[in-house]
Amino acid sequence: MKRHVTPPVDQARDHRRVHYPAAVGRRDLGREGRAPHAVVVGAGIAGLAAATGLAERGFRVEVVERERYLGGRVGGWTQQLDDGTPVGMNRGFHAFFAQYYNLRKLLARSNTRLLRLSDYPLVDDQGRRDTFRGLPRTPPWNALAFALRSPTFRLRDLLRMDPRAAAPLATVSVPGIFDRLDHLDAETFLRAINFPDAARHLAFEVFSRSFFIEPGRMSAAELAMMFHIYFLGSSEGLFFDVARDNFDVGLWSPLAEYLCGTGVSSRPGRAEFHTGVTIERIEPRGAGFRVIDDNDAAVDTDAVILATDVGGLKRLVSASPELGNTEWRSRVSELATAPSFAVQRLWLDRPVRADRPSFLGTGNLDPLDNISVVHRYEKQAAAWAARTGGSVVELHAYAVHDSTAVRADTEKRLLERLHEIYSETAPARIVGQTTLWRQDCPRFAPGDFARRPGVMTPHPQLVLAGDGIRVDLPVALMERAATTGWIAANTLLARWGAAGHDLHTVPAQGRSWALRTLATRGRTL
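Numbering-wise (full-length UniProt numbering), the sequence shown opens with residue 1 and increments by one.
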């Protein structure tokens, strides 16, 4: 598949993206006296964005991470095959869309460069195939062109759709869309607008399952907002980039070096990282906090950012009875995770066909959700494939309500699906295999939005960040994590009179006058 190195990661094209200017203030809090101190709990995207925002304004920042690697759910590490060969491993394929302005702002700090994939086709159980190659960038023509050239969507389907029920897709506003649709699940909503079943499986379901939840259990408001972010709300196009190397090498080690002052980009060493350490509880102390880890070591700090996953946040708040108030603690306790998902990576002794795409999304091919040919874009995998003549392939299964028996069956069926879709892999010998099972992604079910805790807490110097934290902006997935991280940093910076950091998003409401007009008329039918 044709691919090329992208321009700088923070280079945006959509002139209608929304700019949220930062608060003015001091640029370096440590220059005129004692630098304030903050502890960031969690070194995923949210925690790293927050740490960057604070360190660049003079905070002394300690980042504490329970895993032994940075990046959270986008972390990477090295493991060994059975023959002792070291290979890169992570929790699976991640797409860095052009609309991820605030995530790209973070990656730009360490001069990270990504690799652009020219297409990511989708295929269903009937062999029907959609492609994003060559679509116009500008809404609504991008969505219309995709629909009309899709084998699962015809002009008659467009005419049969209920314009009144479909109006929210064209008139998305954030957070207003949650008042309109968060009581519905995505599957019910799509059926109500007469969206064709085949197109639902091949288009909407592929995207909805990227939230690790099936459409029948996902908020229709989240689905509509995602449609807005990628189709009707942005003219960045439907391109995405991938990391050129395993995430530890390609993304996070350079960023850590930048923050610690040891990288190519010159920064004062205002951040330090503690990996393999779990924070057990947090105690308010005057205007600040005492943070205690699993070795009973304690540190007093001026501010805390909790940037953990949902399970870690619930555990930490439960173990810290002095934090917050009854209402806030209740909101945290109500957070839930999506079902389990599996990432199966295979090192095979022979290549896949040259015409196979780097990434293939699948619809209605349970339990398989996508196939990645990892050695096409990741340096370590490419080096192994070139040396052995083999290939590195990755399979994903999302929203698995698992048990021991279900896991074994899922892993078996994933391999069968690979052999069915990429038949040349059937005779291949598996040189190495790793299957990861996780259940730590936030749930986005109907009704969740209103009770989801936001960045601010009852303590002015304690803030939250993460992709499960509420933010009233049109962002999702990795971009939601990065955005809440920057907002958390800005919230604390404002308390110390420091300058904040600019943010950008796609427009917060539908940008097409024609579609808004048609949708408004549709409501009167």
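Even glycine gets a Cβ: it sits at the ideal position worked out from N, Cα and C.
Check                                                                                                                                                                              : Outcome
Using a Cβ distance threshold of 8 Å, determine whether the segment 400 to 418 contacts the segment 322 to 329, with at least three qualifying pairs required.                     : no
When DSSP builds the beta bridges, which residues end up paired with residue 545?                                                                                                  : The question about residue 545 has no answer, for the chain in this structure spans 1 to 525.
Grouping DSSP H, G and I as helix and E and B as strand, with all else coil, what is Y120?                                                                                         : coil
Please give me, in chain order, every unbroken run of the beta strand (DSSP E) with length at least 3 that falls completely inside the segment 374 to 429.                         : 391 to 400
Note the first and the last residue of the continuous beta strand (DSSP E) segment covering I305.                                                                                  : A303 to L306
Taking all protein chains shown into account, decide if P446 is buried (16 or more other Cβ within 10 angstroms of its Cβ) or exposed.                                             : buried
Going by beta carbon distance, what residues of the same chain come within less than 7 Å of V352, once the five residues before and after it are set aside?                        : V373, S391, V393, Y422, E424 and T425
With burial defined as no fewer than 16 other Cβ atoms inside 10 Å of the residue's Cβ, what is the status of V471: buried or exposed?                                             : buried
Please classify R31 as buried or exposed, where buried requires at least 16 other C-beta atoms within 10 Å of its C-beta.                                                          : exposed
Looking at C-beta atoms only, is the number of pairs between the segment 482 to 496 and the segment 214 to 231 that lie closer than 8 Å three or more?                             : no
Would you list the one or two residues that DSSP bridges to V242?                                                                                                                  : L115
By DSSP, does R353 sit in helix, in strand, or in coil?                                                                                                                            : coil
Beta strand (DSSP E) containing M89: first to last residue?                                                                                                                        : P86 to N90
Could you name the residues of the same chain whose beta carbon sits closer than 8 Å to that of V172, not counting the 5 residues immediately before and after it, in chain order? : A224, M225, F227, H228, L232, G233, P474, Q509 and G510
Counting Cβ pairs, one atom from each stretch, are 3 or more of them under 8 Å apart for the segment 304 to 314 and the segment 45 to 61?                                          : yes
Counting beta carbon pairs with one atom in the segment 355 to 363 and one in the segment 115 to 125, are three or more of them shorter than 8 Å?                                  : yes
Tell me the DSSP secondary structure of E327 in three-state form.                                                                                                                  : helix
Mind checking whether L436 and R91 have CB atoms under 8 Å apart?                                                                                                                  : yes
Quick check on the burial criterion: 16 or more other C-beta atoms within 10 angstroms. Buried or exposed for G500?                                                                : buried
For V310 and A336, I'd like the C-alpha separation in whole angstroms.                                                                                                             : 7 Å
Could you tell me how far apart the beta carbons of Q439 and S340 are, in whole angstroms, since I believe they sit closer than 8 Å?                                               : 4 Å
Thinking C-alpha only, which one of I279, L348 and A489 is nearest G432?                                                                                                           : L348
Quick one: residues in its chain with C-beta nearer than 7 Å to the C-beta of K379, no 5 flanking neighbours on either side, listed in chain order?                                : R244 and D245
How close, in whole Å, do the beta carbons of M478 and Y69 come, if the pair is a contact with beta carbons under 8 Å?                                                             : With 8 Å as the limit, M478 and Y69 do not qualify as a contact, their Cβ atoms being about 17 Å apart.
Contact check, V242 vs L117 under 8 Å by CB: the rounded distance?                                                                                                                 : 6 Å
For W486, which three-state DSSP category applies?                                                                                                                                 : helix
Check whether the segment 17 to 26 and the segment 487 to 500 touch, using three or more Cβ-Cβ pairs below 8 Å as the test.                                                        : yes
Assess contact between the segment 445 to 464 and the segment 284 to 293, defined as three or more Cβ pairs (one per stretch) separated by less than 8 Å. Is contact present?      : yes
Report the residue from F153, P151 and R180 whose alpha carbon sits nearest the alpha carbon of R164.                                                                              : R180
Could you check the C-alpha separation between F39 and R350 for me, to the nearest Å?                                                                                              : Strictly speaking, residue 39 in this sequence is Val, with Phe absent from that position. Answer to the nearest angstrom: the Cα atoms are 48 Å apart.
State yes or no: is the C-beta of R60 within less than 8 Å of the C-beta of H37?                                                                                                   : yes
Helix or strand or just coil, what does DSSP make of D293?                                                                                                                         : strand
Does R17 have its Cβ less than 8 Å from a Cβ in chain B?                                                                                                                           : Here there is only one protein chain, and chain B is not present.
Distance, Cα to Cα, Q80 vs M89?                                                                                                                                                    : 9 Å
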